Ligand SMILES: N[C@@H](CCC(=O)N[C@@H](CS)C(=O)NCC(=O)O)C(=O)O
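Written out as structure tokens, the structure reads:
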């Protein structure tokens, strides 16, 4: 069993970081929580000192480096119970949804950046974003109705919920309509690990200009709840 250090970046902005962080917290897998904040628009050289891709998240298991949010989750699944659902049907759904999130939803990712403390009014949704939002709604509603909720693949929090956790913040920040999937959005935002992440995001003092311009470009900022 691992002696884990999970390296992540700013709570407010770092959506890929949130995935393994919230999974490990929800499954109660202990780890040392190391934060490496963004100091500039591209942090490649600085992050290369601990990450082969120059990106976060990175999991250190003793002297082994495990990188990429999907790589980390697959690694954890071989060592810990509960990363995937036990039954084959929800497990297949969870694996496919996780892969879909990892490789897709680029309009959502580009046009609705994660910025936990900010609320944005969007002027319009272009065709690509409308397509992503419709697919999100479909996937959330299917998971909840097929497996009975309250999580996307049934009664327990799994990697599928962790992979969509940043989307819950994006849905709230940008006021996206995910239909019946809103029940899941509210459920995950109320999870103690998500509440802790959010509290840290609101308190952290780091502002990084390129992330600030991204959120400004996504619409009109109507509320900024960050305390620093
Ligand atoms: N495919 C990677 C993507 C990771 C990624 O894009 N991380 C961003 C932060 S959320 C990063 O480290 N960016 C480096 C930078 O902004 O300089 C993963 O799943 O872990």
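Residue numbers (our numbering): 64 to 291. From the three backbone atoms N, C-alpha and C, an ideal C-beta is built for every residue, glycine too. The structure displayed is predicted, hence computed values, not measured ones.
Whether residue i touches residue j by CB criterion (8 Å)
i: residue 83; j: residue 120; result: yes
i: residue 123; j: residue 135; result: no
i: residue 113; j: residue 70; result: yes
i: residue 216; j: residue 157; result: yes
i: residue 170; j: residue 140; result: no
i: residue 219; j: residue 145; result: yes
i: residue 179; j: residue 232; result: yes
i: residue 166; j: residue 206; result: no
i: residue 184; j: residue 285; result: yes
Proximity test, residue i beta-carbon vs ligand 1 heavy atom, cut-off 7 Å
i: residue 75; result: no
i: residue 171; result: no
i: residue 79; result: yes
i: residue 276; result: no
i: residue 258; result: no
i: residue 132; result: yes
i: residue 106; result: yes
i: residue 72; result: yes
i: residue 183; result: no
i: residue 118; result: yes
i: residue 101; result: yes
i: residue 110; result: yes
Through-space distance from residue j to residue i, alpha-carbon basis
i: residue 196; j: residue 203; result: 11 Å
i: residue 209; j: residue 187; result: 32 Å
i: residue 45; j: residue 117; result: Outside the modelled stretch of the chain, which goes from 64 to 291, sits residue 45, for which no answer is possible.
i: residue 199; j: residue 129; result: 29 Å
i: residue 88; j: residue 110; result: 23 Å
i: residue 275; j: residue 150; result: 42 Å
i: residue 277; j: residue 223; result: 26 Å
i: residue 98; j: residue 260; result: 12 Å
i: residue 105; j: residue 272; result: 11 Å
i: residue 81; j: residue 164; result: 14 Å
Burial state of residue i (16 or more Cβ within 10 Å)
i: residue 281; result: buried
i: residue 236; result: buried
i: residue 75; result: buried
i: residue 221; result: buried
i: residue 189; result: exposed
i: residue 288; result: exposed
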